[in-house]
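K.L.:
Using the working numbering, you'd call the opening residue of the sequence shown number 827 and step up by one each time. All residues carry an ideal CB built from backbone N, CA and C; glycine is no exception. Bear in mind that the values here come from a model prediction, so they are computed numbers and not experimental data. Got a structure for you, written out below as C-alpha cells; questions coming shortly.
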Amino acid sequence: MESWYTSTIDALLGELNSSAKGLSEEEARLRMQKYGANKLADKKRRSPFKILLQQFTEVMVLILIAAAVLSAFLGKTTEAIAILAIVLLFGFLGFFQEYRAENAMAALNQMVVPTVRVRRNGVVRELPANELVPGDIVEFEAGNVIPADLRLLESFNLKIQEAALTGESEPIEKITEPLTKEDLPLGDRLNMAYMGTIVTYGRGTGITVATGMATELGKIANLIGAVGTSKTPLQEKLGKLGKLLALVGIIAAAIIFAAGIMQGKAWTDMFLTAVSVAVAVIPEGLPAVVTITLAIGSQRMLKRNALIRKLPAVETLGSVTVICSDKTGTLTQNKMTVTVVDLPEHTVEFKETGPEIDNAQTASTLDFILAASVLCNDATLELDADNAGSEKILGDPTETALLVAGAQRNIYKQDLYQTFPRINEIPFDSDRKRMSTIHQATGNLPDYLRFVQNTSQVVFTKGAPDSVFSVSDSVWVNNTRVPMTEEWKERIKQANIRLAQQGIRVLGFAFRILNEDDNDADLEKELTFIGLTGMIDPPRLEVKAAVAKCKAAGIRPVMITGDHPLTAAAIAAALEFDSQPETVSGTMLQKMDENSLQSLSAKTAVYARVSPEDKLRIVDALQKTGNVVAMTGDGVNDSPALKQADIGVAMGITGTDVAKEAADMVLLDDNFSTIVAAVEEGRVIFTNLRRFIKFSLAGNIGKVFVMLLAPFFGMTIALQPLQLLWLNLLTDGLLGLGLGTEPAEEGIMQRPPRDPKKEALSKKDFLQLGTVGIIIGAIALSMAIIYYDPQNPNDLTWQTMIFATIGFAQVFQATAMRSFAHSPFSLFTNPLMTIVVASTVLLQIAVIYLPFTKSFFGLVPLPAKDLLISLAAGSIIFIIITLDRRRYRHSTQN
Ligand code: ATP
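Encoded structure:
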C-alpha cells in the first residue's frame, strides 16, 4: 500500500498484520528473512575494485608502469616483468591496507548504529536499528534519528526536521490523523516519519511501513551521516609531496639520460639508469604505511574508549589546544542524589534515611513538591516484585534522583497516576531549560493535593530556577498562594545561590490550576513557585588527574554547561580547572559582540547557563583566535557546534543519535579523561608519522645520492631498478610499519600542542633528514669505490655491496630513530618493530644468497667478511644518529 498516510490506524494495523502490542519475536524473525535488514546500501563506500584501480592510477605508479613498458620495448623483458611485478605487489599492498582501513572504519561505525525502542509481544525492547522489520511499533523522542519509514500512531508535541529528505530545515509538527489527499509530496505527509529525519522535539510512536532500501531515503539512495574515509591533512600533503617527488624523479631521469647520450653512451643503458633514478626518488610505500599507521592508531584509541568516526580526527587530536566539555556526566559522575529541598519557609535536608522533618506542615509542603517532581518527570522507577526492595530505574539521572527522593516519602508516580494522570506535556529543551506536564484529577487525591478539585487540570513545571522563576507570579506558602513580592524573590534567589555555591545542582518547581479558557499553547505562565530541590553530582574521580594532564600538555580545559554559574564554578574549582575559574554566563554572552567574545574566550574557564547556539559562538571565537577546539555535546541542538569544532565529541552512553552522527569521535564511557587519552594517542601517532616520513625520505635521498654520484667514479648504474624496488619495499614498507607503531615518547603530554599551521616537517627536519640521507649515500658509495674494479667490470660485487650496505644502514637508521622512551635495542616495547627488523635483515641476506633471487636481482653472493663489512659500514649511521641523539630527540618530538 503506497498511501500509508491516508488510511486509518486500524486499517494500517490490519494491513501490516500487527497490533498496538507489536509483532511477536517469531513473526519479526520471519519478516527479517523476507525483507532483509533495515540497512541502506553503502553507496559512499568505494568498491574494492575502485580502491584497487586507484592504486594503479597514482602518478608515482604510472611512472613505474611507463618505465616497465619502455623496458619491454627495449627488449629488457626481465626488468619489465619485474618492475610490473613489484608495481603489482605495492599496488596490492596498498589495496589491502586501504581496504582494511576502510572496513575497519565501517566496523567502527557499526558500533554507533543507533538502538531503537521497539514493542514486541507487548514489551518494549531496545534493538539495533537494523533489526527493524515492517509492522514493528517504534517509540522515539527528541534526539533520535527516525530509524525506518513510520506511520505515526502517537504524537506528543512531536516535531521532526526533514532536511535530509526535503531540504526543509524548519522542523515540522507531526499529527496522527489520516490525511485525505492522495499523492502528497513528502513534506506534506504530516502523519509520517521518514528514515534519516531527526526528532527535534517531543516524542511519539509509529508503525514501521518500510525498511532499508524500500524507504524513501533508500529510494534516493542518499546515505545520511555517511562517514567519510576522507584523507587527513597530512595525507593530503603527502599526496602532493609524492607528486612533486615523481616530477623531480622524471626531471632528474631526463637530465641523466640527456647527459649520457651527449657523452655518447648507449641509449639503452642510459635509459635504464634514468628509470632507476626515477624509481629511487619515488617513495612507493609511503601512502600505504601512512594509511595503516592511522588505522592502527584509531584501534589504539578505541582500546582507550575513544571511537573515531572520521579518520582525520586521529591526526587533528594531536594539535588540540582547548577541550570544551559539558559538565554533567562528562566531568561529573551523573549520579544525582537529592540532598536538600528548599521551601519558602523551611529548608529540609535529605539524609540517607530520608528527609529530616520537624513538623506536619513542612511534611505536607515537602510531599507536594516531591509529588510535583515525580509527576513532572519522564523517568521510571519500578519496584521489582520478585526481589523485594530492589528498584529498576530508567531515565535521565536528574529525573531519577527526584523519583528516588519521592520514594523516600512513599510518593510514587504510578500511584499518583491512578487518579492524576498526565494528559499533556511540554517537553524539556536546553534552550528553555524547563519542562511542564499537565495532569487531570480523576478521583481521590492524597491529602497534600486536597486543594485540587476533581476534574481540575494542573500544570507542573520544573527546570532551572531562573527559568521557572521567570514564568511565576506567586509563591506557595503554607498551602496558600501569595504574591511574589520583592522579599520572596530575594529569599528564593539567595537560597539558590547558597546551594549552587556548594556545587549543588538546583531545580525550581511551580504549578498552576488551569482555567477553562486556558490556551494549550501558553500554559507556562502565572505559575506559583513551590520551591527548590538541590542534588549533588560528585565529580568523576579520575577527571582531576586528567585536567592536570591537560594543563601540563598546554591544553586548556573549558567547561560549557547549561547549569547555574555557581554550581559550575564550584565543580570547576573542585577539579582544579583554575584556582578561581573565570565564569561567564549565557546572558552575558548574548550581549557580547564577536570581538569582545574573542578576547574573553582567551581566559574564560567556565561558561554556564549557555544554550546550544552560544556553544557555536564559543567554538567560533576560540577558533578565530587560533585554537584547535575539541567540543563535547550530547543534545539534539548540539550538532552545529559539534560540526564546527575541529573535533566534535559525542557521548556514547547518554548522547543522542543526532549528536553521534555529527561527531568526529564518540566517547564510549562519556568520560572527560577519555578525550585526554585520545589527545595523547593523537600526539603519539603524529610523532610516529613524522618519524616514519623522515626515515623514508632520508633513505630515498641516500639512494638517489649513490645513483647520481656513482657514474663520476666510473661506475655505471649504481643500483638496478629491481634492486631499488626491493630496498624500498623492505625499508619503507616493513621498517616504516614498525616505526609507525612505536610507543609514546617520554613527556609527550608535557609539552605544548603542535601548531596545526606549522608544516609537518620543518626546514630543520629537512636539513637533518637530508644530512642523514647523504651520509647513508656516502657510506654506500665509499663501499662501491673500494670494491669497484675497473679492470673487471663484469664483477658486480661493488653493486651488491651498495645494495647490502644501504639495506643494513636503513635497519640501523630505523633502530636509532625509535622512540626515545626506551633503548633502541629493546625487544619487547614494540614487538612489531623487533619482528620487522629481524625479517628485514633475514630477507636482505636471503636475497643475496638464494640462487634464484640473486640471479633475478643481479646480485653476487658476498663472502662472509664482506657481508660483515657492509653491516659494519651500515652501523655508522646508527652511531651518528645516536651521538646526535639529544638534538634528534628534540626535533623528532616537535
Ligand atoms: P551540561 O550542559 O553540563 O550537560 P546540564 O545538564 O545542566 O549540564 P542542560 O541539559 O542543557 O545542561 O540543562 C540545562 C538546565 O536545565 C539544567 O541545569 C537544569 O537546571 C535544567 N534541567 C536539566 N534537566 C532537566 C529536566 N529533565 N527537567 C527540567 N529541567 C532540567
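Among Ala1036, Ile998, Pro1689, which one has its Cα closest to the Cα of isoleucine 1024?
P.N.:
With distances taken between Cα atoms, isoleucine 1024 lies closest to Ile998.
K.L.:
Measure from the alpha carbon of leucine 1275 to the alpha carbon of each residue in Val1454, Leu1196, Asp1346, Leu1534, then state which is nearest.
P.N.:
When each option's Cα is compared against that of leucine 1275, the closest is Leu1196.
K.L.:
Return the Cβ separation of aspartate 1257 and proline 1438 in integer angstroms, given the expectation that the two are a contact with Cβ distance under 8 Å.
P.N.:
Right, the Cβ-Cβ distance comes to about 7 Å (below 8 Å), so this counts as a contact.
K.L.:
Indicate the three-state DSSP secondary structure (helix, strand or coil) for arginine 855 in the structure shown.
P.N.:
In this structure, arginine 855 counts as helix in the three-state DSSP scheme.
K.L.:
Assuming the contact rule is C-beta atoms closer than 8 Å, threonine 1409 and valine 1432 should be a hit. Round their C-beta distance to whole Å, please.
P.N.:
Yes, they are in contact, since the Cβ atoms of threonine 1409 and valine 1432 sit about 4 Å apart, within 8 Å.
K.L.:
So within the segment 1366–1439, which uninterrupted beta strand (DSSP E) runs reach at least 3 residues, ignoring any that extend past its ends?
P.N.:
DSSP runs (the beta strand (DSSP E)) wholly in the segment 1366–1439: 1382–1386, 1409–1411, 1432–1434.
K.L.:
Quick check on the burial criterion: 16 or more other C-beta atoms within 10 angstroms. Buried or exposed for tryptophan 1093?
P.N.:
Per the 10 Å Cβ criterion, exposed.
K.L.:
Confirm the yes/no value for this check: CB of phenylalanine 1254, any heavy atom of the ligand ATP, distance under 7 Å.
P.N.:
True, at least one ligand heavy atom lies under 7 Å from that Cβ.
K.L.:
Can you tell me which of the three DSSP states tryptophan 830 falls into?
P.N.:
Looking at tryptophan 830 - three-state DSSP - the assignment turns out to be coil, as it is neither helix nor strand.
K.L.:
Mark glycine 1700 as exposed unless 16 or more other C-beta atoms lie within 10 angstroms of its C-beta, in which case mark it buried.
P.N.:
Classification of glycine 1700: buried, given that the 10 Å Cβ count is 16 or more.
K.L.:
Can you give, in chain order, each stretch of the beta strand (DSSP E) that sits fully within the segment 1309–1366 and has at least 3 residues?
P.N.:
The segment 1309–1366 contains these whole beta strand (DSSP E) runs: 1331–1339, 1353–1362.
K.L.:
Which residues in the same chain have their Cβ closer than 6 Å to the Cβ of alanine 1379, if we skip the five residues on either side of it in sequence?
P.N.:
For alanine 1379, where only same-chain residues beyond five positions count, the Cβ hits under 6 Å are Met1575.
K.L.:
Between which two residues does the alpha helix (DSSP H) containing arginine 1126 stretch?
P.N.:
Where arginine 1126 is concerned, the enclosing alpha helix (DSSP H) stretches over 1112–1129.
K.L.:
Look up alanine 1456 in the DSSP assignment and give the residues it is bridged to.
P.N.:
DSSP, once it has assigned bridges, lists Ile1149, Ile1473 as partnering alanine 1456.
K.L.:
Would you mind sorting alanine 1488 into buried or exposed? The rule is 16 or more other CB atoms within 10 Å of its CB.
P.N.:
Buried, by the Cβ-count rule.
K.L.:
Taking the alpha-carbon positions, what's the glycine 1461 to glutamate 967 distance?
P.N.:
Approximately 12 Å, taken between the alpha carbons.
K.L.:
How many whole angstroms separate the CB atoms of isoleucine 1330 and isoleucine 1356, which I take to be in contact at a CB cut-off of 8 Å?
P.N.:
Going by Cβ atoms, the distance from isoleucine 1330 to isoleucine 1356 rounds to 18 Å, so no, they are not a contact pair.
K.L.:
What residue range does the alpha helix (DSSP H) around leucine 900 cover?
P.N.:
Segment: none, leucine 900 is in no alpha helix (DSSP H) and carries neither H nor E.
K.L.:
With respect to 7 Å, is the separation between the Cβ of methionine 1261 and the closest non-hydrogen atom of the ligand ATP below this value?
P.N.:
It does: the Cβ of methionine 1261 is within 7 Å (strictly closer) of some heavy atom of the ligand ATP.
K.L.:
Relative to the ligand ATP, is the shortest distance from any of its heavy atoms to the C-beta of threonine 1026 smaller than 7 Å?
P.N.:
Threonine 1026: no, Cβ never under 7 Å from the ligand ATP.
K.L.:
For alanine 892 versus leucine 910, is the C-beta spacing smaller than 8 Å?
P.N.:
It is not a contact, given that the beta carbons lie outside the stated cut-off.
K.L.:
Let me check understanding here. Comparing Cα to Cα, which of Pro1650, Lys1691, Thr1542 lies closest to threonine 1708?
P.N.:
The residue with the shortest Cα to Cα distance from threonine 1708 is Pro1650.
K.L.:
Measure from the alpha carbon of phenylalanine 1194 to the alpha carbon of each residue in Leu1228, Ala1524, Leu1535, Leu1207, then state which is nearest.
P.N.:
Phenylalanine 1194 has its Cα closest to that of Leu1228, out of Leu1228, Ala1524, Leu1535, Leu1207.
K.L.:
Let's test the definition: count the other Cβ atoms within 10 Å of the Cβ of isoleucine 1602 and tell me whether it reaches 16, buried, or not, exposed.
P.N.:
Under this definition isoleucine 1602 is a buried residue.
K.L.:
Spell out a yes or no on whether the segment 1469–1478 and the segment 1110–1117 are touching, meaning 3 or more CB-CB pairs, one atom from each, closer than 8 Å.
P.N.:
Cβ pair count under 8 Å is below three, so no.
K.L.:
Do lysine 1153 and the ligand ATP come close, with the Cβ less than 7 Å from some heavy atom?
P.N.:
Result yes, Cβ under 7 Å from the ligand ATP.
K.L.:
Is the closest heavy atom of the ligand ATP to the C-beta of alanine 1290 under 7 Å?
P.N.:
Within the cutoff, so yes.
K.L.:
Give me the residue from Leu1192, Glu1368, Gln1283 with the minimum Cα distance to glycine 1180.
P.N.:
The option with the nearest alpha carbon to glycine 1180 is Leu1192.
K.L.:
Compare the C-alpha of isoleucine 1543 against each of Met1096, Ile1183, Lys985 and name the closest.
P.N.:
Closest by alpha carbon: Met1096.
K.L.:
Can you grab the Cα-Cα spacing for the pair proline 1619 / phenylalanine 1704, in whole Å?
P.N.:
Roughly 32 Å between the two C-alpha positions.
K.L.:
Compute the Euclidean distance between the alpha carbons of valine 1301 and asparagine 1345, then round it to the nearest angstrom.
P.N.:
About 23 Å.
K.L.:
Examine the ligand ATP and report whether any of its heavy atoms sits within less than 7 Å of the Cβ of aspartate 1440.
P.N.:
Not under cutoff, so the answer is no.
K.L.:
Excluding sequence positions up to five away, which residues of its chain have a Cβ less than 6 Å from the Cβ of glutamine 1159?
P.N.:
Cβ neighbours of glutamine 1159 beyond the five flanking positions: Pro1364, Arg1366.
K.L.:
Given a cut-off of 8 Å, decide if leucine 1340 and valine 1285 are closer than it, judged by their beta-carbon atoms.
P.N.:
Yes.
K.L.:
Taking the beta strand (DSSP E) that aspartate 975 falls in, what are its first and last residues?
P.N.:
Unbroken beta strand (DSSP E) run through aspartate 975: 975–987.
K.L.:
Looking at the C-beta of threonine 1393, does it have a partner C-beta in chain C at a distance below 8 Å?
P.N.:
Chain labels in this structure do not include chain C; a single protein chain is all it has.
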